[in-house]
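See below for the structure under consideration.
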Amino acid sequence: MKKSAISRKSRTDWKRVEAMKDDRIDFSDTPELTPKMFARAIVRRGLKLVPRKAQLTIRLDSDVLEWYKQHGPGYQTRINALLRAYMQEHRQRQ
Numbered sequence: 349m350k351k352s353a354i355s356r357k358s359r360t361d362w363k364r365v366e367a368m369k370d371d372r373i374d375f376s377d378t379p380e381l382t383p384k385m386f387a388r389a390i391v392r393r394g395l396k397l398v399p400r401k402a403q404l405t406i407r408l409d410s411d412v413l414e415w416y417k418q419h420g421p422g423y424q425t426r427i428n429a430l431l432r433a434y435m436q437e438h439r440q441r442q
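Following this line, the structure appears as structure tokens:
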């Protein structure tokens, strides 16, 4: 068996990091958070766990699928959200 190329021991000098003042931290490679980013954020009160998702194969009309894909990344999430809204509406009626 080969020796693992990944070491479990951190080589970070944590004492130096903890002693570093905030104004010495280089944020040049971190994008500034804009109000638009905050507006798109998801608030999870109480840190409830997100339900696990099941992977499956589903047959959709090709034009329906293409319409969702045309609206960019996250089309599966949007389809799931609509199915969830439909389910919740029908649960309330029962």
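Note that our numbering gives residue 388 to position 40 of the sequence shown, counting from 1, and the numbers run on in steps of one.
Where a beta carbon is used, it is the ideal one built from N, C-alpha and C, also for glycine.
Note that the coordinates shown come from a computational prediction; the quantities given were computed from them, not determined experimentally.
Which two residues bound the contiguous alpha helix (DSSP H) that contains residue 431? Here the alpha helix (DSSP H) through residue 431 covers 423-441.
Classify residue 386 as helix, strand or coil using the three-state DSSP reduction. The answer is helix: DSSP assigns residue 386 an H, G or I state.
C-alpha gap between residue 440 and residue 356, whole angstroms: Distance between the alpha carbons of residue 440 and residue 356: 51 Å.
To the nearest angstrom, how far is the alpha carbon of residue 424 from that of residue 364? Between the alpha carbons of residue 424 and residue 364 lies a distance of about 44 Å.
Got a sec, what are the start and stop residues for the alpha helix (DSSP H) residue 367 sits in? Element bounds for residue 367: 362-367.
Round the Cβ separation of residue 426 and residue 434 to the nearest angstrom and send it over; I've been treating them as touching at under 8 Å. The pair is not a contact, with the Cβ atoms about 13 Å apart (cut-off 8 Å).
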